[in-house]
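Just so we're aligned, residue 1210 is where the sequence shown starts under my numbering, counting upward by one.
Please read the structure below before turning to the comments.
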Amino acid sequence: MIQRDISLLSVQDKGDNVFEVLLKMIVQVAQVDDTNDTEKKHRDIQVKKMLNMVVPVGSVSSTRATQPTGQESSMLFNRLNAMAVAIHLDPSISNARHRVGQARRCVNFKEAHDYTRGVCMRGIEHICAVMRHHRVQLGEILSWLAEVTGILLGEYQEARMLPSNDNNNIVKIKTVEMIKSLLVSAARMIETASLDTKDERHEYPDPAFLEGPWVKDIFNPKNPVAIEDDSSAACQEVVKAFLDARMKALPRPSVPPVSLTVDSQESQDEYDKFFIDLNDPVILAALGDEPAQASGMEWKGKEEAVYKVCVPLASQLFRVVCRYVVDSPAPSRVESRRETADRWIDCWVGVGNVLVQNGSSWKNHMHLGPESWERIPDPLWRRRVGLRFCLALLKLDSKAYSTYEDYFIEVLLVCTVPFKTTIEHEYVSIVFTLDGLRHPLLRGVLAEPSAGSSTFEISLEEYSTVRQTLIKCKNSAIIIKIPLIFEQRYSSTSLSVCKIIRILSTTSTLVS
């Protein structure tokens, strides 16, 4: 089970213990081809009897204070693996429910030692992998995971209330480590859709993976475990694993037929002047013309359920981002904190993208919307969060550029202020690619796309030169272009002309 390869149940390994050999022999008996239904029925009865003989039904004793012996840990691990094999051989809903119930009774998690708890969590992970492999409903195993999560989060809150001293700090650290292990297992449960190494199926994950306390309670504002240094990355991995699995399962939009008229040919000629290749995959993605991918309609119901979960989750993640950056020093001083903040922002934007794909708008996250990064009080973190937010947004939803063009340009101009470059060159590259240097404030920028492509890939070293040309373009725009351009082109938008002039003027002063 550890190798995520179900075929290993049919492979002899010199490292197998006696119990593992016995389980593999039962699997071989179950896989024998039968000549008729009578033989098959007889074989199934024999396999069930053998499983009942080798799977103990009693619990393994364990206490918080006493570390289990190697034999005791091996007994628990063998029992949990036996339950997984039993589900593999009979993946019916009734048998899966029965076997998960047996597994839960193997150990009293609340009273168990940390080492025993670790074995138990790995067992939950392995049983879930088998159930997903056979597409069995996950209600029972996720209920067990929820129970374990509730116990650990309760202990975490108790540890937080203890007076601060060395012993109590150790208790808290151990609890956080246990929660981290649980979240790592939860992420793997989401990632593993099949135990067949030749089966690269991409299935929409069960929405229940986002509804459990390992997500809801972890991101509760009253629970700071999400911003603990030791568990923060694991919290992010659960959300990221779900978003990645969902993205792989969704069908791509079909390509509409394109007819080339005289006007469109003239437009193509005009685009050529600005290095835009309308056949480039990146540009096609920005226009929504990605290659079609055959897919069924079974994901629609799950998508609706996930949307309902993501509405409050997006708000929770926004608050996590704000709490994390408020408690952090300046982003330029602590690289590890900046990278962690970036991953939180990516999670937040990823969940926001689910909402947008189902009819919502990015406006709530922009300007001074209810979940806008512009509400962050610290100016350095506000600029950094805004830059990462826009970069993550355009990577996920490149079509948004045409809708919020001025917004992304505004962030582009502001990101030229800091001299230390981190991700500014990435953002400039994606904006230049999607814009094609057509925006008035980008004309005159000394940059060209990669050879034979319309994609800009500006390196960290090249960005310093591009940055200088951007600053020159800004200064020229302040003096000559801004009043006329924005009065003519953007008078109907919500973007304030005075705000643009003020931002550009301030930026120009800072870098001079």
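All residues carry an ideal CB built from backbone N, CA and C; glycine is no exception.
*Pair every Cβ in the segment 1330-1339 with every Cβ in the segment 1347-1363, then say whether three or more of these pairs are closer than 8 Å.*
A contact exists between the segment 1330-1339 and the segment 1347-1363.
*Look at the Cβ atom of L1522, then the Cβ atom of A1443, and state whether they are nearer than 8 Å.*
no
*When DSSP labels each residue in this structure, what does Y1636 get in the three-state scheme?*
Under the three-state reduction of DSSP, Y1636 is assigned to helix.
_Considering Cα atoms alone, identify which of L1650, L1679, L1651 and S1638 is closest to S1662._
When only C-alpha atoms are compared, the closest one is S1638.
*For E1507, is the classification buried or exposed, using 16 other Cβ atoms within 10 angstroms of its Cβ as the cut-off for buried?*
exposed
*Which residues bound the alpha helix (DSSP H) around R1308?*
I1302 to R1313 is the extent of the alpha helix (DSSP H) around R1308.
*Assuming E1544 and L1600 make a contact with CB atoms under 8 Å, what is their CB distance in whole Å?*
Going by Cβ atoms, the distance from E1544 to L1600 rounds to 17 Å, so no, they are not a contact pair.
*Where D1665 sits in the DSSP three-state scheme*: The identity of residue 1665 in the sequence shown is Phe, whereas the question assumes Asp. Residue state, collapsed to three classes: coil.
*Give the straight-line distance between the Cα atoms of V1515 and C1556, rounded to the nearest whole angstrom.*
15 Å
*Using a threshold of 8 Å, state whether the C-beta atoms of L1596 and I1632 are closer than that.*
Yes, the Cβ-Cβ distance between L1596 and I1632 is below 8 Å.
*Which residue's Cα is closest to the Cα of S1390: T1325, K1425 and D1242?*
T1325
*Under the rule that 16 or more other beta-carbon atoms within 10 Å means buried, what is V1227, buried or exposed?*
exposed
*For V1380 versus A1368, is the C-beta spacing smaller than 8 Å?*
yes
*asked:* On a Cα-Cα basis, can you pick out the residue from A1239, G1267, V1266 and S1268 that is closest to I1254?
replied: A1239
*Is there contact between the segment 1268-1285 and the segment 1295-1303, where contact requires at least three CB pairs shorter than 8 Å?*
no
*Please work out which residues of its chain come closer than 8 Å, Cβ to Cβ, to Y1672, disregarding the five sequence neighbours upstream and downstream, and give them in chain order.*
T1630, E1633, H1634 and V1637
*Roughly how many whole angstroms lie between the Cα atoms of Y1610 and R1410?*
32 Å
_Cα-Cα separation, G1578 to L1347_ = Cα-Cα distance, rounded: 38 Å.
*State the Cα-Cα distance for the pair R1652 and W1423, rounded to the nearest angstrom.*
49 Å
_Beta carbon of F1318 nearer than 8 Å to that of I1360_ = yes
*Please list the segments of the alpha helix (DSSP H) lying wholly inside the segment 1581-1626, counting only runs of 4 or more residues, in order along the chain.*
1588-1605, 1609-1612 and 1614-1623
_Stretch-stretch touch, CB-based, cutoff 8 Å, three pairs: the segment 1430-1442 with the segment 1404-1420_ = no
*asked:* Tell me the residue span of the alpha helix (DSSP H) that contains A1293.
replied: G1279 to L1298
_Per-residue DSSP class, three states only, for N1226_ = coil
*Compare the C-alpha of L1404 against each of V1675, K1681, V1520 and S1216 and name the closest.*
S1216
*Keeping to the same chain, check which residues put their C-beta closer than 7 Å to that of T1272; ignore five residues upstream and five downstream.*
Only E1320 and H1322 meet the Cβ criterion.
_Considering Cα atoms alone, identify which of L1643, V1529 and S1373 is closest to Q1445._
V1529
*What number of angstroms, rounded off, separates the C-alpha of A1355 from the C-alpha of K1425?*
11 Å
*Grab the span of the alpha helix (DSSP H) containing P1372 for me, first residue to last.*
Where P1372 is concerned, there is no enclosing alpha helix (DSSP H), given that its DSSP letter is neither H nor E.
*Should Q1212 be labelled buried (16 or more other beta-carbon atoms within 10 Å of its own) or exposed?*
Q1212 is exposed by the Cβ-count criterion.
_Cβ-Cβ separation, W1582 to V1602 (assumed contact under 8 Å), whole Å_ = What sits at residue 1602 in the sequence shown is Leu, not Val. Taking C-beta atoms under 8 Å as the contact rule, L1602 and W1582 fail to qualify, at a distance of about 11 Å.
*Where F1451 sits in the DSSP three-state scheme*: helix
*Member of V1345, R1341 and G1327 whose CA lies at the smallest distance from the CA of N1304*: V1345
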